[in-house]
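Trainee: Numbering (our numbering), first residue to last: 19 to 244.
Virtual Cβ for every residue (Gly too), placed ideally from N, Cα, C.
Sending over a structure as structure tokens; questions will come in a sec.
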Amino acid sequence: MPRPASPLISHDAVVEASLRIIDSEGLDAFSLPRLARELNVSAPSLYHHFADRADILRTVARAIVLQTRLPDPAACASWVDWFVGISVAFRRAVLSHRNAAPILLEFMPRDLLVRNYETGVRVLAELGVPAGQRILVIDGLDTLTLGASLAAAAKSPAQAGQVFASADPETEPMLAQELACNRRTAEELFADSVRSFLAGAVPGVPLDSPVPGFLLIAGAREPLPR
Numbered sequence: 019m020p021r022p023a024s025p026l027i028s029h030d031a032v033v034e035a036s037l038r039i040i041d042s043e044g045l046d047a048f049s050l051p052r053l054a055r056e057l058n059v060s061a062p063s064l065y066h067h068f069a070d071r072a073d074i075l076r077t078v079a080r081a082i083v084l085q086t087r088l089p090d091p092a093a094c095a096s097w098v099d100w101f102v103g104i105s106v107a108f109r110r111a112v113l114s115h116r117n118a119a120p121i122l123l124e125f126m127p128r129d130l131l132v133r134n135y136e137t138g139v140r141v142l143a144e145l146g147v148p149a150g151q152r153i154l155v156i157d158g159l160d161t162l163t164l165g166a167s168l169a170a171a172a173k174s175p176a177q178a179g180q181v182f183a184s185a186d187p188e189t190e191p192m193l194a195q196e197l198a199c200n201r202r203t204a205e206e207l208f209a210d211s212v213r214s215f216l217a218g219a220v221p222g223v224p225l226d227s228p229v230p231g232f233l234l235i236a237g238a239r240e241p242l243p244r
């Protein structure tokens with residue numbers, strides 16, 4: 019079937035419909051014929067905006083990451099809170115589309131995150147973290163946040179929000195005891211993990227130091243750049 023001479027659907031409509039299918043039916047259910055049915059068009063109409071299925075999934079990954087919102091520096095009591103806020107916001111964006119999380123493994127839009135990395139390095143520089151150590155912090159925080167977000171998304175709906183799926187007091191007594199002592203939600207535990215990482219990665223900077231002034235000047239709460 020030939021492609022129509024003019025587009026019958028918008029670029030954004032394709033992305034929204036793709037996420038709707040993946041959110042409700044799972045990634046395995048997503049296909050170009052299924053997407054075309056959702057939009058009530060023929061499959062060739064999709065090629066006005068996208069080269070193929072992979073191109074659509076690449077754009078879906080961007081849409082998920084773009085839902086991350088930077089924390090307001092004025093609302094952050096310390097530089098640690100600012101980094102924690104970014105990490106938690108990214109995790110929330112991923113978990114709002116947990117069925118689509120595997121797409122990020124293949125199509126993570128790193129270009130969208132570069133400005134955040136640049137800002138993070140500048141924050142660390144302003145705090146006195148020496149050159150060479152700053153990238154260690156940024157890379158480690160990126161790895162921790164992405165890995166934790168994807169691990170949380172991989173849990174079944176019944177396990178969502180749980181720290182671990184299960185721990186048998188008979189076979190894993192220490193783990194079961196530790197879980198019984200935990201009073202944090204899964205998100206709170208993740209946030210404290212980020213704080214622990216920063217405390218160890220930047221031992222020379224007091225954890226209660228305020229965010230640098232340039233962040234407060236720039237500080238509107240903005241989405242990531244498109």
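(1) May I ask you to report which of helix, strand or coil DSSP gives Arg-201?
(2) Do Pro-230 and Glu-136 have their beta-carbon atoms positioned less than 8 Å apart in this structure?
(3) Ignoring anything shorter than 4 residues or poking outside the segment 156-200, list the alpha helix (DSSP H) runs there in chain order.
(4) With respect to the alpha helix (DSSP H) encompassing Tyr-135, which residues constitute its N-terminal and C-terminal limits?
(5) What are the boundary residues of the alpha helix (DSSP H) that includes Val-33?
(6) By the DSSP assignment, the alpha helix (DSSP H) with Ala-79 in it spans what residues?
(7) Give the straight-line distance between the Cα atoms of Ala-35 and Val-78, rounded to the nearest whole angstrom.
(8) Could you spell out where the alpha helix (DSSP H) holding Ala-119 opens and where it closes?
(9) Find the nearest neighbour of Leu-168 within the set Ala-119, Phe-101 and Asp-99, judged by alpha-carbon distance.
(10) Closest to Leu-88 by C-alpha separation, out of Leu-64, Gly-138, Leu-123 and Ile-40, would be which residue?
(11) So the candidates are Gly-179, Pro-175 and Gln-85; which of them puts its Cα closest to the Cα of Arg-202?
Mentor: To lay it out plainly:
(1) coil
(2) no
(3) 191-199
(4) 128-144
(5) 29-43
(6) 71-83
(7) 10 Å
(8) 119-125
(9) Ala-119
(10) Gly-138
(11) Gly-179
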